[in-house]
Structures are given as structure tokens and as C-alpha cells.
Amino acid sequence: MHTTSDLLNQAIQLRIAELYCLAERHFLKRFKRPAVLLNLRGQTAGQAWPERNLLRLNRVLLEENQQHFLKHTLGHEVAHLIAENVYGRKIRPHGREWKFVMEQVFSLPANRTHSYNTRHSARRPFAYRCQCPDKTIHLSAIRHNRALRGTVYQCVSCKSPLRFETTA
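Be aware that the sequence shown starts at 1, since it is given in the UniProt record's numbering, and climbs by one per residue.
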């Protein structure tokens, strides 16, 4: 019997194989398949580490957005690996080489960011208040730490500085 985790891993490997076949057909070259880790947290959906031939994926965002994630996010991250493998290390992360792989090789839109709901994947959202009534604004751990070091964030509505309230 297959677990949900097994099925997800199979879907990931199948999609990676599909993307690599497209790249190999286009560039007439074989590429080594990457290792995959499902250990990314927070708001980031995926990361490509070309120097390690590694993909890190956010399991929560994958589970919540499976079809779109497998098609677009995995395509986005694999395009980073392929682009650097073909064009070298000095290319820009979302430059013309990456964009070419996305659009011409994978037939995907070259979107740099996702629009997934990250409510369940955010590691530690920090609650802040402004002067708006009954409004709470959650900052990521990175922004919260920046605020502790002096960065001032403002409410887009009332323009008042955000004040730390508590962890959510």
C-alpha cells in the first residue's frame, strides 16, 4: 500500500523526468537528475541549488497546491538547474537563459513568484498591530528579526508604524 508521501514522491519524480526529457530533447544533451528534499519551510515554494544538483521543496505548499506546484513550481526550479548547466554559473537567476528554458523548452510562463496561500506553511508568523481598528498584520520571521534590529514597517492603509503584539 502506498502512503500519501510515496505518491507525492512518485509524482515529483515523474514530473522531473518529464521536464528533463524536454530539456534533453531540446539541447541534445543528457543531464544528471537532481536530488530532491521536501524540507523547505515558510513562504518559499522551492529552491534550486545548481552547485549541488539539488531541489528543495516546501511540502506544505506542494500538498495544498499539488497540480499547480508540480507543473509550475517544479518547472521553475528545474529550469534553474538546466539553465546553469547549459549556460554556466554566471547567468542571472531569472535572466534570459532561465526565461528561455521556461518558455521555449518547458512551454511554461516565466513567473518569478508564486501566489499560493502560505498561511499553513509559514514557520512562525509574528503578529503586529497598527492604528487601524481590529487589524492584525503577520510578518515573517525574517521581517520580524529586521524589525527587532530597527527596520520600521508601516501599515499600507493608515501609514502608522507596526507594533509587535505577540506570536500567533
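Each residue gets a CB set at the ideal place from its N, CA and C atoms; glycine is no exception. Computed from a prediction, not measured in an experiment: that's the story for all the values here.
Within a 10 Å sphere around the beta-carbon of Phe164 sit fewer than 16 other beta-carbons, which makes this residue exposed.
For Phe164, the pairing in a beta bridge is given by DSSP as Tyr128. DSSP, read as helix, strand or coil, puts Gly75 in helix. With 16 or more other CB atoms across the displayed protein chains lying within 10 angstroms of its CB, Thr118 is buried. A Cβ-Cβ contact shorter than 8 Å links Tyr128 with Leu162.
Here Gln43 is actually not in contact with Glu77; their C-beta atoms are around 15 Å apart, not less than 8 Å. Per DSSP, Ile137 is one residue of the beta strand (DSSP E) stretching across 136 to 139.
For Gln10, there is no enclosing beta strand (DSSP E); the enclosing alpha helix (DSSP H) has its first and last residue at 4 to 27. Arg59 sits in a helix when the DSSP states are folded into three classes.
Taken through DSSP and simplified to helix, strand or coil, Leu148 comes out as helix.
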